Amino acid sequence: MSIKKVVVTYDFSDEPYREFMKRSDNSGLDFVHYDNIGANHYDQMLFSQLALNRIQVISISYNAGDTIDNKLLEISTELESADLIFHDSPRVAYNVEDEAIREGLQKSVETLVQSRFLDKSSFLKRDSSFASKEEAKKIIEATDIPMPKSWSVDEYFTSERTLPVILKANWSSCGKGIFYFDRPEQMDIFWDMDLYQDVGVWTLSKPKKENYLVQDFIETPSNHFTHYRVFATGDGNILGAVLSVSGNRKDQMEVDSRPGPYMGGNIYNCVDSPTYLGCKKVISNHAQGGSQIAFDANGKSKPLTDNDREVLIAHGYAPEDITLNPRLKQLANGVAKLFSQHGIVYAGQDWMQDKNGNFYFIELNEVPGMEIFNTLYNKDQGDDKTAMEIGTRKLAEALANYQK
Ligand SMILES: Nc1ncnc2c1ncn2[C@@H]1O[C@H](COP(=O)(O)OP(=O)(O)O)[C@@H](O)[C@H]1O
Ligand SMILES: [Mg+2]
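Residue numbering for the sequence shown is 0 to 403, as defined by numbering that gives the first Met the number 0.
Right, dumping it as structure tokens:
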């Protein structure tokens with residue numbers, strides 16, 4: 000079945016948003032707590048691409064006079080007839096001035112989509128999500144999809160405390176809350192609350208155990224840290240995949256350290272901080288430097304460097320035939336379908352390969368970066384804008400043929 004009608008539960012045009020910004024005094028704006036214009040811009044590209052694929056896109060807007068009951072009635076009729084729904088809670092009715100009505104609408108539309116239409120929705124809530132590291136772990140653990148062995152912080156402390164491990168913040172993105180521990184004292188220091196002292200007017204903020212996860216460190220092949228990013232829609236269609244390769248090399252590892260003041264800065268990297276950990280940097284996020292290797296490479300993909308070839312061979316590929324490992328394809332297909340039941344119509348999946356050729360699911364990004372599309376289809380040229388243009392075009396084509 001192909002997709003004919005998409006309903007967006009919020010208004011993604013710029014004008015009402017600008018008007019609303021002019022009117023408001025910027026206080027109480029925390030319900031639009033991210034760059035709405037940027038998000039609108041992305042939606043405008045994606046949804047106009049959908050329209051080019053002959054899909055009807057209906058965006059719900061809200062007016063001052065709307066009552067919750069009337070609006071809900073109208074919306075539920077639209078949602079029932081939709082093939083796909085895009086929902087983003089804080090963007091619903093953002094311009095309705097009456098706070099009670101606005102919040103009521105946001106909550107009730109969210110509840111409506113979540114309770115009745117989740118399996119055909121792209122569902123963003125932003126205060127919590129099925130794609131968060133914690134929720135995704137629960138969903139994955141109920142299946143036979145392989146994940147690295149994981150512990151809660153308390154579980155880890157009462158276990159054999161194997162090393163090395165990754166300590167990972169639930170809120171982490173772009174590799175910013177990821178720590179590599181290969182010495183027991185690092186874990187002790189991190190969780191020794193007495194070390195989080197007052198420094199002048201600052202208090203080093205204490206981490207909360209429930210926000211962290213401990214994970215077996217996966218040793219990847221090659222002299223770089225690597226992970227796969229697989230971009231897939233909820234019907235299991237893989238739009239593109241890359242191997243993300245760290246800029247740094249394993250045989251030239253440096254301890255992450257900075258001298259100087261640590262107030263307001265990174266209290267774990269700064270050698271003068273009581274919580275200095277002396278961690279090594281082991282991440283392969285594109286946002287932290289490094290490069291990408293295109294899979295199922297085509298004439299428009301990034302050309303391979305000698306180093307890319309070395310990395311590919313170490314991962315078991317023949318460099319003249321760069322098609323994604325079939326086992327990983329199959330696993331990624333399963334994860335995409337699994338999460339389509341939980342409000343994920345498309346996502347960037349992170350996977351790792353160990354030295355024995357086993358694959359492990361790492362995380363799901365429901366607002367995935369688009370840079371892989373420059374790697375795959377633009378010879379690694381261009382900027383954020385070209386990546387977004389190519390990505391939204393490919394995504395719209397895939398959604399037009401979405402198999403529910
Ligand atoms: N269990 C692990 N073993 C080895 N490296 C890991 C592990 N988990 C994460 N990493 C590294 O850290 C990076 C970021 O981790 P990830 O869970 O994807 O969080 P983020 O949301 O910050 O991207 C990964 O891309 C990978 O390079
Ligand atoms: Mg990641």
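Built from N, CA and C at the ideal position, the CB exists for glycine as well. These figures come from a predicted structure and were not determined experimentally.
Residue i burial status per 10 Å Cβ neighbour count (16 or more: buried)
i	result
Ser283	buried
Val334	buried
Glu14	exposed
Asn62	exposed
Gln402	exposed
Arg101	buried
His32	Unreliable positioning characterises His32 in this predicted model, as indicated by a pLDDT of 44, which lies under 50. A coordinate reading is not provided.
Trp201	exposed
Gln348	buried
Asn268	buried
Ile36	exposed
Gln340	exposed
Leu51	exposed
Asn94	buried
Ile84	buried
Trp350	buried
Asp29	Caution applies to Asp29, whose pLDDT of 46 falls short of 50 and renders its modelled position unreliable; the model cannot decide the point.
Residue i - containing beta strand (DSSP E), residue span
i	result
Glu362	358-364
Thr225	223-232
Gly426	Residue 426 is absent from the model: the chain starts at 0 and stops at 403.
Gln55	55-58
One or two residues paired with residue i in a DSSP bridge
i	result
Leu111	Leu111 pairs with nothing; no bridge assigned.
Lys205	None; Lys205 has no bridge partner.
Arg248	His223
Tyr345	Thr232
Ala168	Tyr211
Ser120	Ile84
Val198	Trp201
Check: residue i C-beta below 7 Å from any heavy atom of ligand 1
i	result
Ser171	yes
Arg200	Per the sequence shown, the amino acid found at residue 200 is Val instead of Arg. Outside the cutoff, so no.
Gly289	no
Pro147	yes
Glu79	no
Ile361	yes
Asp255	no
Met252	no
Val241	no
His405	The shown model of the chain, from 0 to 403, leaves out residue 405, and the question about it has no answer.
Gly356	no
Asp191	no
Asp349	yes
Gly174	yes
Lys280	no
Gln214	yes
Lys167	yes
Ile177	yes
Ile217	yes
Heavy atom of ligand 2 within 7 Å of residue i beta-carbon
i	result
Asp379	no
Asp42	no
Asn284	yes
Asp382	no
Asn364	yes
Minimum Cβ-Cβ distance from residue i to chain C less than 8 Å
i	result
Gln380	Included in the structure is just one protein chain, with no chain C present.
First and last residue of the uninterrupted alpha helix (DSSP H) at residue i
i	result
His40	35-51
Ile138	132-140
Lys378	First-last for Lys378: undefined, no H or E at that position.
Phe180	From DSSP, Phe180 is part of no alpha helix (DSSP H) but of the beta strand (DSSP E) over 177-180.
Lys4	Lys4 -> not in any alpha helix (DSSP H); beta strand (DSSP E) instead, spanning 4-7.
Asn268	First-last for Asn268: undefined, no H or E at that position.
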